[in-house]
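Numbering (the numbering used here), first residue to last: 92 to 372. Encoded as structure tokens, the structure appears first; notes follow it.
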Amino acid sequence: MKIKNVEERTGLSRSNVRFYEKEKLIEPSRNESNGYRDYSENDVENIKKIAYLRTLGISIEDIRSIISGKVTLQETLERQNEILNSQITDLNKAKRMCEKMLGEESISYEKLQVEQYVTELQDYWKDNQTVFKLDSVSFLYIWGSMLTWITITVLCLIIGTLSYSKLPTEIPVQWSKGVATSLVNKNWIFICPVICVIIRYLLKPFIYAKLQMNNYYGEIITEYLTNYMCFIVLSVEVFSILFTFGVVKSVVVLLFVNTAVFMGLLVVGLTKMDLRGKEIL
92 MKIKNVEERT
102 GLSRSNVRFY
112 EKEKLIEPSR
122 NESNGYRDYS
132 ENDVENIKKI
142 AYLRTLGISI
152 EDIRSIISGK
162 VTLQETLERQ
172 NEILNSQITD
182 LNKAKRMCEK
192 MLGEESISYE
202 KLQVEQYVTE
212 LQDYWKDNQT
222 VFKLDSVSFL
232 YIWGSMLTWI
242 TITVLCLIIG
252 TLSYSKLPTE
262 IPVQWSKGVA
272 TSLVNKNWIF
282 ICPVICVIIR
292 YLLKPFIYAK
302 LQMNNYYGEI
312 ITEYLTNYMC
322 FIVLSVEVFS
332 ILFTFGVVKS
342 VVVLLFVNTA
352 VFMGLLVVGL
362 TKMDLRGKEI
372 L
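Structure, rendered in structure tokens:
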């Protein structure tokens, strides 16, 4: 059957079906006469199973392991159940605290006395370490913001505009051992902000899909990596201008430092947010 029939049979969008196929969770055959995908009844059933497991918060990677036989569905469900129980416990605890506070005749920030609701303050802080870990990685949120992307893109445009009249007709875009190996028209300098737009609006959705994160943290990391790539574009633009005027000769050191600093900060942030464990779904 064609993908249109699959959409009707499963109630899922074409993009969902294509995504599962791209991730090799389903592998429909090809019609030899026209090359179109030919989905079977088994494909339809598998698509429904995959979509259902996703609604339970089970990751694509875990579903792949189930299908390949590396783990059983029962083992995965038991692990997911533990994760959900832990989350439910934390949410119920927070809900009870909110209800207790709302039970007061009047509640305001000025009148709030934390000790009125928490007996052992130090123990309470320890029980909520996850929150404080997130608070300690604010750089990730700042670097992953829309404002940061706009700033980088605008800087690319401003730097290009200010330097354009002083640049020679042709500028280098490739270098080797301090020597320009490829030259292009200086109008290339305005390609940098365009690349930033392409990265955000065309490449970003692809990055998010590959990360396989369906929670808020996945979005933050996607924003982080997107802005990091735009920052690389800005760095290359600046280097190209400085190279043209003979100020610097090697781009390798610049890119290495950029990568080391920002990837290092990302690793620290991921560790503190405990994303390497149960948070990655």
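Backbone N, C-alpha and C fix where the C-beta goes; we use that ideal spot for every residue, glycine too.
When the beta-carbon positions are compared, Leu316 and Phe330 stay at least 8 Å from each other. Look at Ser267 here: in three-state DSSP terms it is strand. Taken through DSSP and simplified to helix, strand or coil, Ser236 comes out as coil. Judged by DSSP in its simplified three-state form, Leu246 adopts helix. Val338 sits in coil when the DSSP states are folded into three classes, being neither helix nor strand.
The three-state secondary structure of Leu316, taken from DSSP, is helix. The three-state reading of DSSP puts Leu333 in helix, counting H, G and I together. If you check the CB distance, Ile241 and Phe322 do not come in under 8 Å. Taken atom to atom, the span from the alpha-carbon of Val245 to that of Glu169 is near 49 Å.
Here the stretch 141 to 150 makes no contact with the stretch 181 to 201; the two share fewer than three CB pairs at distances below 8 Å. Taking 3 residues as the shortest admissible run, the stretch 163 to 212 contains no complete beta strand (DSSP E) segment at all. Under DSSP, the beta-bridge partners assigned to Asp129 are Ser120. For Ser256, there is no enclosing alpha helix (DSSP H), as DSSP marks it with neither H nor E.
CA-to-CA, the gap between Asn137 and Gly102 works out to about 13 Å.
Contact annotation: the stretch 255 to 262 does not touch the stretch 283 to 291, with fewer than three C-beta pairs closer than 8 Å. Assignment of beta-bridge partners to Leu274 by DSSP yields Pro263. Where Ile149 is concerned, there is no enclosing alpha helix (DSSP H), because DSSP gives it neither an H nor an E. Straight through space, the alpha carbons of Gly251 and Ile262 are spaced by roughly 12 Å. Distances from the alpha-carbon of Thr167 to those of Asp129, Ser120, Glu152, Lys301 put Glu152 closest. Just measuring C-alpha positions, the residue of Gly194, Thr163, Asn172 sitting nearest Gly148 is Asn172.
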